[in-house]
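Asks: Residue numbers (the numbering used here): 769 to 1091.
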Ligand code: SF4
Ligand code: SF4
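Printed below as a string of structure tokens:
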């Protein structure tokens, strides 16, 4: 009798291995074409909601079917890892705010290492496994795959929400040529709630489940290149200098947030309480040193300085003697 694990045993053991590696949860989907999401993505792109992220139009066929990314792909294994550490940002408008996910070390580096370890585990226990690791690094619709795998639902703010873990987590995937037992999606629990739509300062959630990147502070402060932010958004972005967490902060499901087990996501010194004036004076050397191994590097010093400049104008307009 073979001692090879059955598909169901292997799938269960894989999820246990993922949790042992430090992921909060792991779910499985069959690698296939994303038929419904394909038309939704095309419509979103046609409306220009991706703003200047032209790369989102590239590799469309790969983005909607992982079998075009990995030859012989049979399964997509999705994982989530919490980045929530119980520190609260100040509401002082003269302090620059950085999105919670970027307080510590760059998740790409941390997650990839763990996912390669999971792939190695699968290779050893499935009698061979070929595949690829994805962390925001290729045309993969990570939230869609995680939702298909039952790890949560995509909320009206378009982030994935888990009943057990809220939404302060990263998502990663393996696409593998191993047959595994797929999980079932969970129900959408947004119900009649509209807190994220009501709280978004720029009305970037143009309708439930649709975010227009042209209006989103997160997109504009991270991905947008150039010396200026669009004025009608810039004067509403408050003191955010990298990203924006407002729609997740107001989401009632984040009362189920899970504290991260990963110390590399702890806030680096100064990231929660540095004033805008100090941020504005950062030299290239200081920026490179301070944000070594940080996702903030993505916006480069020019982008950060631009964001700080607008945040300073917003802070001045909020000052008690502002006219
Ligand atoms: S990240 Fe900020 S700007 Fe973007 S949709 Fe959420 S609340 Fe609105
Ligand atoms: S704030 Fe409400 S509507 Fe928005 S994602 Fe959370 S539960 Fe859904």
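Each residue gets a CB set at the ideal place from its N, CA and C atoms; glycine is no exception.
Quick caveat, the model's predicted, so the values are computed rather than measured.
Please work out which residues of its chain come closer than 7 Å, Cβ to Cβ, to residue 790, disregarding the five sequence neighbours upstream and downstream, and give them in chain order.
Replies: Contacts found: 849, 882, 1029 and 1030.
Asks: What does a CB cutoff of less than 6 Å around residue 1069 pick up in its chain, not counting 5 residues either side in sequence?
Replies: Same-chain partners within the cutoff: 1052 and 1055.
Asks: Which of the three DSSP states is assigned to residue 800 in this structure?
Replies: Residue 800 falls in the coil class under three-state DSSP.
Asks: Around ligand 4, what residues have a beta-carbon under 5 Å from a heavy atom of it, in chain order?
Replies: Of the ligands one can find in the structure shown, namely ligand 1 and ligand 2, none is ligand 4.
Asks: Grab me the residues of residue 1058's own chain with a C-beta within less than 8 Å of its C-beta, minus the 5 sequence neighbours each way, in chain order.
Replies: Here the set comprises 1036, 1038 and 1050.
Asks: Would you list the one or two residues that DSSP bridges to residue 848?
Replies: Answer is 793 and 939, bridged to residue 848.
Asks: What residues match up with residue 973 in a beta bridge as DSSP calls it?
Replies: Note: residue 973 sits in a beta bridge opposite 979.
Asks: Counting C-beta neighbours from all protein chains within 10 Å, is the total for residue 1016 16 or more, i.e. buried, or is it exposed?
Replies: Flag for residue 1016 reads buried.
Asks: Cβ of residue 861 within 8 Å of any heavy atom in ligand 1?
Replies: No.
Asks: By DSSP, does residue 1066 sit in helix, in strand, or in coil?
Replies: Three-state result, residue 1066: helix.
Asks: Heavy atom of ligand 1 less than 8 Å from the Cβ of residue 1067, yes or no?
Replies: For ligand 1, not one heavy atom lies less than 8 Å from the Cβ of residue 1067.
Asks: Is the Cβ-Cβ distance between residue 1085 and residue 1025 less than 9 Å?
Replies: No, they are not a contact pair.
Asks: What did DSSP end up calling residue 833 once you bin it into helix, strand or coil?
Replies: Note: residue 833 maps to coil in three-state DSSP.
Asks: Any heavy atom of ligand 1 within a distance shorter than 8 Å of the CB on residue 915?
Replies: Flag unset: Cβ of residue 915 not near ligand 1.
Asks: What would DSSP say about residue 944, mapped onto helix, strand or coil?
Replies: Residue state, collapsed to three classes: strand.
Asks: Is residue 966 near ligand 1, going by C-beta to nearest heavy atom under 8 Å?
Replies: No - ligand 1 has no heavy atom lying nearer than 8 Å to the Cβ of residue 966.
Asks: Compute the beta-carbon to beta-carbon distance between residue 796 and residue 950, rounded to the nearest angstrom, for a pair I have assumed lies under 8 Å.
Replies: Yes, residue 796 and residue 950 are in contact; Cβ-Cβ is about 5 Å, under 8 Å.
Asks: What would DSSP say about residue 913, mapped onto helix, strand or coil?
Replies: Looking at residue 913 - three-state DSSP - the assignment turns out to be helix.
Asks: Give the single residue among 1076, 792, 831 and 957 whose Cα lies nearest to the Cα of residue 879.
Replies: Of 1076, 792, 831 and 957, the residue nearest in Cα terms is 792.
Asks: How about residue 990: is its Cβ closer than 8 Å to a heavy atom in ligand 1?
Replies: It does not: the Cβ of residue 990 is nowhere closer than 8 Å to a heavy atom of ligand 1.
Asks: So what does residue 934 bridge to, in DSSP terms?
Replies: In DSSP, residue 934 forms a bridge with 930.
Asks: By DSSP, does residue 771 sit in helix, in strand, or in coil?
Replies: In this structure, residue 771 counts as coil in the three-state DSSP scheme.
Asks: So does residue 929 have its beta carbon nearer than 8 Å to some heavy atom of ligand 1?
Replies: Residue 929: no, Cβ never under 8 Å from ligand 1.
Asks: Note the first and the last residue of the continuous beta strand (DSSP E) segment covering residue 1010.
Replies: Here the beta strand (DSSP E) through residue 1010 covers 1008 to 1010.
Asks: Count the other CB atoms, across all protein chains shown, that sit within 10 Å of the CB of residue 805; report buried if there are 16 or more and exposed otherwise.
Replies: Burial call: buried.
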